[in-house]
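Below you'll find the structure, written out as structure tokens, and then a few comments.
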């Protein structure tokens, strides 16, 4: 085999190896795209599931308050709590804030998007608008949570003073005219 034939053979081998490399690259690109699409679909499903769970938790909390109307009335400032109502409110708020802490932890890890997190923060603000709930948080509630979440809630509470407005309105909303 002369030099020119040998060079021709090497060129043929090179073309063959190049063609295999192109095919391998295309297969790899298809796999990467498929993995990316699967990841995006899984992320969307997880986001939807997280939002569904948050909604179910919020509805369950409202159902608990419905089952204990004396608590909602006491939150309005209309009457003091009995020992039993104090225990019920403590349990209710402990569960509520543990759920909020879980959302906070998910947000911190990136599992909850900003839109969902803003909704969760709004719920915390609504509850913490109550003088009584703020008192509970300072005396007892903050002991139920980890320090990072406690710092977050304390910072949130420092931004606004409680007005009790929503809680007062919840017991007299039918007497109030129109939106403000």
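Numbering (the working numbering), first residue to last: 3 to 182. Yeah, the Cβ is synthetic: ideal placement off N, Cα and C, and Gly gets one too. Quick caveat, the model's predicted, so the values are computed rather than measured.
Reduced DSSP category for residue i - H, G, I as helix; E, B as strand; rest coil
i: residue 157; result: helix
i: residue 81; result: coil
i: residue 148; result: coil
i: residue 57; result: helix
i: residue 3; result: coil
Pairwise C-alpha distance: residue j and residue i
i: residue 113; j: residue 154; result: 18 Å
i: residue 162; j: residue 32; result: 52 Å
i: residue 121; j: residue 71; result: 24 Å
i: residue 168; j: residue 108; result: 28 Å
i: residue 21; j: residue 100; result: 59 Å
Bounding residues of the alpha helix (DSSP H) (the contiguous stretch that carries residue i)
i: residue 168; result: 167 to 174
i: residue 134; result: 133 to 141
i: residue 162; result: Element bounds for residue 162: n/a, residue is neither H nor E.
i: residue 116; result: 116 to 129
Proximity test, residue i beta-carbon vs the ligand GTP heavy atom, cut-off 8 Å
i: residue 118; result: With respect to the ligand GTP, the structure offers nothing, as it holds no ligand at all.
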